[in-house]
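Heads up: the structure comes next, in structure tokens.
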Amino acid sequence: METMTLQSGMEAPAALLNEPARVSSPAGAAASEPLSVLTLAALHAVGWLTVSNFIGVGLAILLLWPRAGAWLAPWSYGRWMPVHMNLQLYGWTSLPLVAWLLKIYRADGGGLARWSRTALVLWSLALGLGSLSWLDGHSSGKLFLDWSGYVRVFFPLAILFLWGVLAAAFLSNRRGEGNALRWLKLIGLVLLLLVPFALYAACSPDIYPPVNPDSGGPTGASQLESVLIIVLILFLLPYGVSRRIAARRRWLVVSWVVFAAEGLLCLGLGRADVSNNRPTQFISLGSLLVWVPLMPAYYTSFQWQENTRRWRMAVLAWWAVLIPTGWCLFLPGVLDRLKFTDGLVGHSLTAMAGFATSLLVLLLIGLTGPEDNVFASRWAFVAWQAGTGVYVLIMLIAGWIEGADPAFTMVPNTTRNVIYGIRLCCGMAMAAASAEWLWRLHLRLRAAVGSSTGYAFSTARARAQ
Amino acid sequence: MLRPRGNAVRRGENWRGIVLIASTYVYFLIFAQFGFLKRLDQIGIAGEALKPIMAAMALGGILASLLAARMKAATAARRLRLALGGCAAAAALSLLPLHSAGFLAVSLLIGLSLGGLTVTLVAHLRLWLAGGRALLGVGAGAGIGYFVCNIPQIFAAPPQRIALVALGACACGLAASLQTEEAAEAPVELPERKAAPFSLVLASLTALVWLDSAAFFIIQNSPALKSGTWEGAAHLWRTGAVHLAAALGSAWLLARRGTSQVLALAFACLAAGCLLLLDPARSAPAAVLYPAGVSLYSVALVAFPSLLMPSVTQEQRSRRAGWIYAVAGWVGSALGIGMAQHLHRVPPWFVGAAALVFFLPWVLRYGRVYWREGAAIGVVLIAALAIEHMLGDDPAAPRAAESGAAAKLAAMARGRRVYIAEGCINCHSQYVRPHSPDVQMWGPAGNPEAIRREDPPLIGNRRQGPDLSQVGARRSPLWLKIHLIDPRAVSYGSIMPSYAYLFRDGRGDDLVAYLASLKSPDSLSEILKQAAAWQPPPAALAQAGQLNGAKLFSEDCATCHDSHGYARTRWGADFSRLPPDLAAARFRHIPRNQSTAERRASLARIIKFGLAGTDMPGHEYLPPDQIEALASEVMAMRQGR
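Sequence order for the protein chains is A and X. Numbering-wise, the numbering used here puts 196 at position 196 of the first sequence, and it's gapless, one number per residue. Numbering-wise, the numbering used here puts 515 at position 515 of the second sequence, and it's gapless, one number per residue.
See the structure below:
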């Protein structure tokens, strides 16, 4: 058994890193079905990831050759940016979590499978219509909450439809489950019901979160709140894609206790426009450092599927980078220099392309089963991870220079062009990796339903179901 | 060199087919459909006088299409060469200063020759294209044809030069058809697939040509649409590239998905394009969808009768090709132009009716299986429409600015919506951080309470360009307008894209009004205080000596201050005061009693911070040594070096 030392000095959890536990595929049955709901969800998610990545490559080209924008007018850089960012958030990041919910509520099989597929189609339809509306100049003016006009209603309705499928699955499956699980699922359903309404409300121009007056960005309390929500999601994800190890219950308990304490701290900080120069803000945010060792420890309490070792290592590595750098970037002096620069773009990449993508791939492998793992390609793994790593590094360098000379990225110069050229190459590597995964998923689904008819319109299969 | 019988196309000679298809398309598109009309316009034939001439062309085309299918007098290659010769003769005759009757005869000749050429070519295409890549050859030929027609030097050429291009196309076609030996046609290797019924393809192609012709006529005769679609070299190159890519894609899809799916895709593109053309502000997506749809079906128009029709005799193939070109090609085109002339748009009901031709078979086939899911999706789509209509709020929609309900909004408020719609927030912040270098660059710092009251605050999170919260105090409306239209004209090396299209319908002026309003009450006095207090670091002067001041001047100043500068010559009449000749004019903003060193320092401050209330912008982003080098350069110019 191999071990590894993390930055914190903690001994790497063997079960998480190196033990190819023979976990029977939780999605085994579903994976062998044609048009498996979970594999279809993976296809939608990776499809949007790929589209978004290629748009990102286009945006990187525009920064190097801005005159190319004349070819695209009026679909300018500014109109493509929300498409790129929102497809990452609501497509790639969200759809694997949707698949996880369908799995947890057991809506991925039986009579509800067709409605789960419909929910996925509605979700993607909303993203497609949303993309068209952003390109057409409809936006609320709020980053990541750009839903405006028709799609501001349609997307929450699509989420509500998904909720209906989950509720129906809960009602039809509740008899076979224990009391505790049933209550947990019911609470989950109640909370999920708030999501579409909260999303609609959050897109309103009238609502704006607290602002750090010294940076114009989020406050420490807001960031603490956001990270704790992510921690909560991380707590829940292993259920359904791995098996709990009873002997390692201790870390689960410790983690939940710490989480509760952090929640109280968050409540105590309140919601106000407070500067990051206040010690209470950056010290409170520093409390998140405890999760650098604790989250891997939590994950050691679960047995994971084989064939996922490299992705588990990537999750741990990015997590170990993400939390400390996130905190450092909030510190007085550092935030003053890097706010509004490429440095923060680099940090966003650490979160989305580094940590979140590694985690989501791990999740999708768990959901779709280890057989015929579509994420097994070594070159795609290396292209993605190396592309992200170099991207983050050069953006931090660019941000640091830009902090001292704000005109650095606005006026073309050799250093800036070289950095942006490298960024373009990294983006292309990442886009190629996602295209490889999409192609593998396509082949897998085609093999499942037969190549002659095509899986999208396989009437014979649909009749058989 | 003769080819062995029974093997009409030797390996590697598919280029002949590609050239013939490309030549035919070039002739039809750039001359018969476009350049000839320009020539008539040039001669002064328009309006009612035009109708009989165009009717003669259509009549000739229909007749020749139907008759060519029955011609057996000569070999196919000879008939093809004869038709090409007729085409060439018509192009040459169009160069002469003829009267209406003469052009009527030329028009008839174009129709007869083109009708014969197209039907003969597709009915016997296997003489020049064969093997597994025959479909790709069709795609390449059509794509190249469309691409050539969109080369700006050809598209925008006078009619005489277009006629010469058409002659060149005929010559290429003739050269490619030489040494063709009549033989049993070569086999074409295509994947086995259930062939689309002839009647359905004929109806589909007629609808597509109808839509295509109507859309082309509408764009060509509407300046607002034309400027947003294929006016200007960039648009034309893009259109040509889309045509070529779509044509190759069409060939690829025809081999894998069959004729029906390609025609349905073509319809989806063309129908969406026609609907988008109802609103000139949406012409940009139409400019991509329209050529994509046209190329998709154009490849099928050649490939179906020549390669994809179910096994038929040569005679049947010729007759069916004749019907396709007579009905879909000539009649469909005439109907489309007629619709465009009378209605000036493609009505949505017509698009809906045409959709039935394409999608009803699929709806019936898959609807039986997926009707529940389809109904559920339909219910959600309609429910969203009803709720959105009920709530009726689209705070950031640019369309609202044009509707009556929002017409009362001030230009600044509309400009703010434009700012949001264009995604300016993705590159520009509106938040000057207090006690930071932002203040000197873009300040003064704003009031957080006032920012919070905005609906919504447009703070942004990434600066790919400067902060704009005080831009109204630092740049004049004229500078903002020039910068939005042609960023690099007034900001050397700017990476901002051009927003010239916003000025076609007033949105640009609204945006300028909004940007000019971005200033706080004390911003002007604060900037003056900053400028007065500014001192370059002592090292800057020494470093400035090593810089090329003349080069910096040409990059940052000459556009306004040089008598041949771009901004000065293009926008001279719009300046509140023409930028002075810095070598000779008196400095109005620098006291005369200052010493040379003081004057130099004052000049450096003006270069750095601009002159508030005038069109002179600051150059806040230039480092001190470059500011000093520019000041030295101007002083040297005044002293005659």
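In this text, a Cβ means the ideal position worked out from N, Cα and C, and glycines have one as well. As the structure is a prediction and not an experimental result, all values here were calculated from the model.
**Prompt:** Taking Cβ-Cβ distances shorter than 8 Å, what residues in chain X pair up with GLY356 (chain A)?
**Reply:** Here residue 356 (chain A) turns out to be Ala, not Gly, going by the sequence shown. Listed by position along chain X, the residues whose Cβ is nearer than 8 Å to that of ALA356 (chain A) form an empty set, because the closest Cβ is around 18 Å away.
**Asked** For the candidate residues A:SER148, A:ALA261, A:TRP123 and A:LEU40, whose alpha-carbon lies nearest to that of GLU388 (chain X)?
**Response** A:SER148
**Request:** Using a cut-off of 9 Å between C-beta atoms, extract the partners of ASP650 (chain X) located in chain A.
**Result:** Nothing about residue 650 (chain X) can be read from this structure; chain X reaches only from 1 to 641.
**Item:** 8 Å contact criterion, which LEU157 (chain A) and ALA383 (chain X) should meet: CB distance rounded
**Value:** 6 Å
**PHE197 (chain A): contacting residues in chain X (beta-carbon distance under 7 Å)** = Under the 7 Å cutoff, chain X gives no residues; its nearest Cβ is about 12 Å from PHE197 (chain A).
**Request:** Taking 8 Å as the threshold, find out whether the region 60-69 of chain A comes into contact with the region 316-326 of chain A through three or more Cβ pairs.
**Result:** Contact between the region 60-69 of chain A and the region 316-326 of chain A is absent: fewer than three C-beta pairs spanning the two stretches fall below 8 Å.
**Where GLN88 (chain A) falls: helix, strand or coil (DSSP)** = helix
**chain A contacts from the region 416-428 of chain X (Cβ-Cβ distance under 7 Å)** = ILE420, ALA421, GLU422, GLY423, CYS424, ILE425, ASN426 and CYS427
**Item:** Inter-residue spacing [alpha-carbon to alpha-carbon] between ASN471 (chain A) and LEU458 (chain X)
**Value:** This structure cannot settle anything about residue 471 (chain A), because the visible part of chain A is limited to 1 through 465.
**Request:** Using the Cα positions of SER642 (chain X) and TRP128 (chain X), report the straight-line distance between them to the nearest angstrom.
**Result:** Any answer about residue 642 (chain X) is impossible in this case: the structure gives chain X only from 1 up to 641.
**Asked** Taking PRO624 (chain X) as the reference, which of X:SER469, X:ILE482, X:GLN440 and X:ASN461 has the closest Cα?
**Response** X:GLN440
**Message:** I want to see whether chain A comes within less than 9 Å of LEU385 (chain X), judged by CB atoms only; does it?
**Reply:** So, interface residue.
**Prompt:** Taking the alpha-carbon positions, what's the GLN470 (chain X) to GLY572 (chain X) distance?
**Reply:** 26 Å
**Asked** In the DSSP assignment, what are the bridge partners of ARG243 (chain A)?
**Response** A:GLN303
**Prompt:** Near ILE401 (chain A), what residues of its chain come up, given a Cβ to Cβ distance below 8 Å and the 5 sequence neighbours on each side ignored?
**Reply:** PHE408 and THR415
**Message:** Checking 9 Å against the spacing of the C-beta atoms, do LEU211 (chain X) and VAL346 (chain X) come in under that value?
**Reply:** yes
**Message:** With a threshold of 9 Å between beta-carbons, can TRP237 (chain X) be considered close to chain A, or not?
**Reply:** TRP237 (chain X) counts as touching chain A.
**Message:** Buried or exposed for PHE381 (chain A), going by 16 or more other Cβ atoms inside 10 Å?
**Reply:** buried
**Request:** Count the other C-beta atoms from every protein chain shown that fall within 10 angstroms of the C-beta of ALA397 (chain X), then say buried if there are 16 or more, exposed otherwise.
**Result:** In this prediction, ALA397 (chain X) scores a pLDDT of 46, lower than 50, which makes its location untrustworthy; the coordinate-derived value is nonetheless stated afterwards. It is buried - the Cβ of ALA397 (chain X) has at least 16 other Cβ atoms within 10 Å.
**Message:** I'd like to check one pair, PRO238 (chain A) with TYR299 (chain A): are the Cβ atoms closer than 9 Å?
**Reply:** yes
**Message:** Distance check for PHE358 (chain X) and ARG282 (chain X), CA to CA, integer angstroms please.
**Reply:** 25 Å
**Request:** Determine the chain X residues that contact TYR299 (chain A) at a beta-carbon separation under 9 Å, and present them in chain order.
**Result:** Within 9 Å Cβ-Cβ: nothing; TYR299 (chain A) doesn't reach chain X, min ~31 Å.
**Asked** Of all the CB atoms in chain A, is at least one closer than 9 Å to the CB of GLU633 (chain X)?
**Response** The beta-carbon of GLU633 (chain X) is placed no less than 9 Å from the nearest beta-carbon of chain A.
**Request:** Select from X:LYS529, X:SER199 and X:ALA215 the residue whose C-alpha is nearest the C-alpha of SER260 (chain X).
**Result:** X:SER199
**Request:** Would you be able to state if there are at least three C-beta pairs under 8 Å between the region 310-317 of chain A and the region 253-272 of chain A?
**Result:** Taking 8 Å as the limit for Cβ pairs, the verdict is that the region 310-317 of chain A does not touch the region 253-272 of chain A.
**Asked** Taking C-beta to C-beta, are ASN276 (chain A) and LEU335 (chain A) nearer than 9 Å?
**Response** yes
**Item:** Where ILE53 (chain X) sits in the DSSP three-state scheme
**Value:** helix
**Request:** Buried or exposed for ALA29 (chain A), please, with buried defined as at least 16 other CB atoms from any protein chain shown within 10 angstroms of its CB.
**Result:** Caution is warranted here: a pLDDT of 40 is assigned to ALA29 (chain A), below 50, making its placement in the model unreliable, and the coordinate value is therefore given only provisionally. Under this definition ALA29 (chain A) is an exposed residue.
**Message:** I'd like to know if ARG481 (chain A) contacts chain X, where contact means its C-beta is closer than 9 Å to some C-beta of that chain.
**Reply:** Shown here, chain A extends from 1 to 465; a query on residue 481 (chain A) therefore has no answer.
**Prompt:** What does PRO74 (chain A) touch in chain X if you count any residue whose Cβ is under 7 Å from its own?
**Reply:** ALA284 and TYR501
**Message:** Is there a C-beta anywhere in chain X that falls below 9 Å from the one on PRO406 (chain A)?
**Reply:** yes
**Asked** Under 9 Å Cβ-Cβ, which residues of chain C neighbour PHE340 (chain A)?
**Response** No chain C is present in this structure, whose protein chains are A and X.
**Request:** Output yes if chain X places a C-beta closer than 9 Å to the C-beta of MET352 (chain A); else output no.
**Result:** Under the 9 Å criterion on CB atoms, MET352 (chain A) is classed as non-interfacial with respect to chain X.
**Request:** Measure from the alpha carbon of LEU611 (chain X) to the alpha carbon of each residue in X:ILE527, X:PHE503, X:LEU67 and X:LEU121, then state which is nearest.
**Result:** Out of X:ILE527, X:PHE503, X:LEU67 and X:LEU121, X:ILE527 has the C-alpha closest to the C-alpha of LEU611 (chain X).
**N- and C-terminal bounds of the alpha helix (DSSP H) containing CYS650 (chain X)** = Residue 650 (chain X) falls outside the range modelled here, since chain X spans only 1 to 641, and no answer is possible.
**Any alpha helix (DSSP H) of 4 or more consecutive residues that is wholly inside the region 552-584 of chain X** = 558-561 and 566-571
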